[in-house]
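This report concerns only the one structure given below.
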Amino acid sequence: MRKIAGVHFVLMIILSAPVWGEWEPISKSLNAPNIQFLAISNARPEFILAASDREAYQSKDGGVSWKRIFGLRSVSRKIQFIYVDPINEKRIYIAGDQGIKMSDSAGSKWKSIFQPSDSQSKSVLCLARDPENSTRLWAGTRSGLMVLDETTGDYKKMQGFPECAVHAIYFNDGDGARALASTDEGLYKSSVDFKDWQRVTVELRSAEEETEEQSLEQFDIEELASPTYFSSIIHLPVAGQFYTATPNGIFESSPEADSWRRLEGQNLPSRKINHIERSARTFYAATDHGIY
Numbered sequence: 083m084r085k086i087a088g089v090h091f092v093l094m095i096i097l098s099a100p101v102w103g104e105w106e107p108i109s110k111s112l113n114a115p116n117i118q119f120l121a122i123s124n125a126r127p128e129f130i131l132a133a134s135d136r137e138a139y140q141s142k143d144g145g146v147s148w149k150r151i152f153g154l155r156s157v158s159r160k161i162q163f164i165y166v167d168p169i170n171e172k173r174i175y176i177a178g179d180q181g182i183k184m185s186d187s188a189g190s191k192w193k194s195i196f197q198p199s200d201s202q203s204k205s206v207l208c209l210a211r212d213p214e215n216s217t218r219l220w221a222g223t224r225s226g227l228m229v230l231d232e233t234t235g236d237y238k239k240m241q242g243f244p245e246c247a248v249h250a251i252y253f254n255d256g257d258g259a260r261a262l263a264s265t266d267e268g269l270y271k272s273s274v275d276f277k278d279w280q281r282v283t284v285e286l287r288s289a290e291e292e293t294e295e296q297s298l299e300q301f302d303i304e305e306l307a308s309p310t311y312f313s314s315i316i317h318l319p320v321a322g323q324f325y326t327a328t329p330n331g332i333f334e335s336s337p338e339a340d341s342w343r344r345l346e347g348q349n350l351p352s353r354k355i356n357h358i359e360r361s362a363r364t365f366y367a368a369t370d371h372g373i374y
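At position 161 of the sequence shown (counting the first as 1) the number is 243 in the numbering used here, and the numbers step up by one without a gap.
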């Protein structure tokens, strides 16, 4: 156990102290190291959902033990997101390349709730509950944002949003942008009424990459970096900052989410972070080597 500035770090990072770096595994009993997605219950932080490309698991004790709750039969299909309802933890959603499946029984039984004919809209990459209407679910697809009414089964495309793959959605309860959406074309933030969307950034850079770019400029060499999308977005009110998982590590933003830098010195097994989540007191990271 390590003590820093009077705070003990045992399993995760304490949210009241925005200090990163010390991570420990919580999935040693889970026989699926390649975890792509996480979801945490708002009411019970020890209730954790995790998913690989093909299977989903549930822990009711903070990662001490795990139970398989979902699996795909077809080798050509894959899980692309897992989500737990913020009000009812027994309601679980799994998004994939064939739409959305939902369980009202904590994973005992499943049914399809979203399966449009368009293959691009059918491929769902992320989900979020509408902050203004608990019957509506936002779905990020490969062709933009969709809004699903679970009561009627109707859905519509979000107008004014670009037709591109959406990898993460975050609704902001504080000041500034009402929502953030990560896409293949960069990060977008919305107006209060969700009618206007503004692109914030297209790519992320670390301090190392900025130094390398300056070195290349001395020789009139231009290197074009490929855009790095955000696979998940969380917010830490204490620090007033957003955090995101990327293939190049965990990044933190300014309060307005208009500039981002990579967090260095993390003791995770790989720079590639598939997903990050938070409960009331801790951060979690999904990697190809397990959950931390």
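For every residue, glycine included, the Cβ atom is placed at its ideal position computed from N, Cα and C.
Computed from a predicted structure; not experimentally measured.
Whose C-alpha, out of the options, is nearest the C-alpha of residue i?
{"i": "residue 163", "options": "352, 208, 116 and 125", "result": "208"}
{"i": "residue 143", "options": "167, 117 and 109", "result": "109"}
{"i": "residue 215", "options": "149, 229, 202 and 206", "result": "229"}
{"i": "residue 323", "options": "212, 170 and 315", "result": "315"}
{"i": "residue 218", "options": "270, 226, 235 and 205", "result": "235"}
{"i": "residue 273", "options": "223, 338, 359 and 360", "result": "338"}
{"i": "residue 125", "options": "366, 361 and 180", "result": "361"}
{"i": "residue 356", "options": "344, 371, 349 and 343", "result": "371"}
{"i": "residue 201", "options": "114, 343, 194 and 181", "result": "181"}
{"i": "residue 211", "options": "334, 342, 241 and 171", "result": "171"}
{"i": "residue 199", "options": "192, 213, 225 and 193", "result": "225"}
{"i": "residue 345", "options": "331, 137, 128 and 374", "result": "331"}
For a quick check, are the C-beta atoms of residue i and residue j less than 7 Å apart?
{"i": "residue 151", "j": "residue 132", "result": "no"}
{"i": "residue 247", "j": "residue 264", "result": "no"}
{"i": "residue 179", "j": "residue 205", "result": "yes"}
{"i": "residue 161", "j": "residue 174", "result": "no"}
{"i": "residue 349", "j": "residue 148", "result": "no"}
{"i": "residue 369", "j": "residue 352", "result": "yes"}
Would a check of beta-carbon distances place residue i closer than 7 Å to chain C?
{"i": "residue 342", "result": "Among the protein chains of the structure shown there is no chain C, as only one such chain exists."}
For residue i, which of helix, strand or coil comes out of DSSP?
{"i": "residue 163", "result": "strand"}
{"i": "residue 364", "result": "coil"}
{"i": "residue 264", "result": "strand"}
{"i": "residue 225", "result": "coil"}
{"i": "residue 282", "result": "strand"}
{"i": "residue 271", "result": "strand"}
Original post:
Which ranges does the alpha helix (DSSP H) cover as unbroken runs of at least 4 residues, wholly within the segment 174-204, from first to last along the chain?
Top reply: Taking only runs of at least 4 residues, the alpha helix (DSSP H) segments lying wholly in the segment 174-204 are 201-204.
Subject >> Ranges of the beta strand (DSSP E) found wholly within the segment 98-155, counting only runs of at least 3 >> reply: Counting only runs of 3+ residues, the beta strand (DSSP E) found wholly inside the segment 98-155 occupies 119-122, 130-133, 137-141 and 149-153, in chain order.
Original post:
Mind pulling the beta strand (DSSP E) runs of 3 or more residues that sit fully within the segment 232-257?
Top reply: Taking only runs of at least 3 residues, the beta strand (DSSP E) segments lying wholly in the segment 232-257 are 237-239 and 248-253.
Subject >> Stretch-stretch touch, CB-based, cutoff 8 Å, three pairs: the segment 111-125 with the segment 155-170 >> reply: With a cut-off of 8 Å, the segment 155-170 and the segment 111-125 count as touching, because enough Cβ pairs lie within range.
**OP:** Spell out a yes or no on whether the segment 153-161 and the segment 188-205 are touching, meaning 3 or more CB-CB pairs, one atom from each, closer than 8 Å.
**Re:** Result no; under three Cβ-Cβ pairs closer than 8 Å.
**OP:** Report the residue ranges of all beta strand (DSSP E) runs contained in full by the segment 314-353; include only those spanning at least 3 residues, in chain order.
**Re:** Runs found: 314-318, 323-328, 331-335 and 342-344.
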